[in-house]
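J.: Here this note's numbering is used: the first residue of the sequence shown is 905, the next is one more, and so on. Glycine included, every Cβ here is placed at the ideal spot set by N, Cα and C. Just so it is clear, the structure is predicted and the values come from calculations on it, not from any experiment.
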Amino acid sequence: MSNIKDFSSINNQKDFTRIYKDGAKWFAKNCVIYYEHSEDRKFAVIASKKVGCAVVRNRTKRLMRAIFLRLYPDLISGYYIFVAKKGFSELCYLELERNIKWSLRKLGCLKV
């Protein structure tokens, strides 16, 4: 049984660059998900200024973390980067979760 504490933050610029360059990516309706298979379990959430003001960006990141928290038991190990697109916070939580889950399934990241 995995634990959310098994996932740590990606905080090395070299890791970001490598994942952006070599990792698999999927463009969802509301975000872009980058994935690279690894034995390590790390993730990052990104919302640029294009998403909105600081309040909107912080809410967007909280929503993405909440969705990740709900889905992490079904994820295989690796590096995950979630990048929010403009208009992310305009969608309801259930639609966001459905889109992200579908995207992870397309990337082959879900165990189920």
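Tell me where the alpha helix (DSSP H) around Ile-923 begins and ends.
T.: 917-926
J.: Could you check what DSSP says for Leu-967 in three-state terms: helix, strand or coil?
T.: helix
J.: What did DSSP end up calling Ser-913 once you bin it into helix, strand or coil?
T.: Collapsing the DSSP output to three states places Ser-913 in a strand.
J.: Between the alpha carbons of Glu-999 and Lys-1005, how many angstroms are there, rounded?
T.: 10 angstroms
J.: Ordered along the chain, which non-local residues of its own chain (more than five positions away) have a Cβ less than 6 angstroms from that of Tyr-938?
T.: Ile-923, Gly-927, Lys-929 and Ile-985
J.: Taking all protein chains shown into account, decide if Ser-912 is buried (16 or more other Cβ within 10 angstroms of its Cβ) or exposed.
T.: Burial call: exposed.
J.: Could you give the DSSP three-state label for Glu-994: helix, strand or coil?
T.: helix
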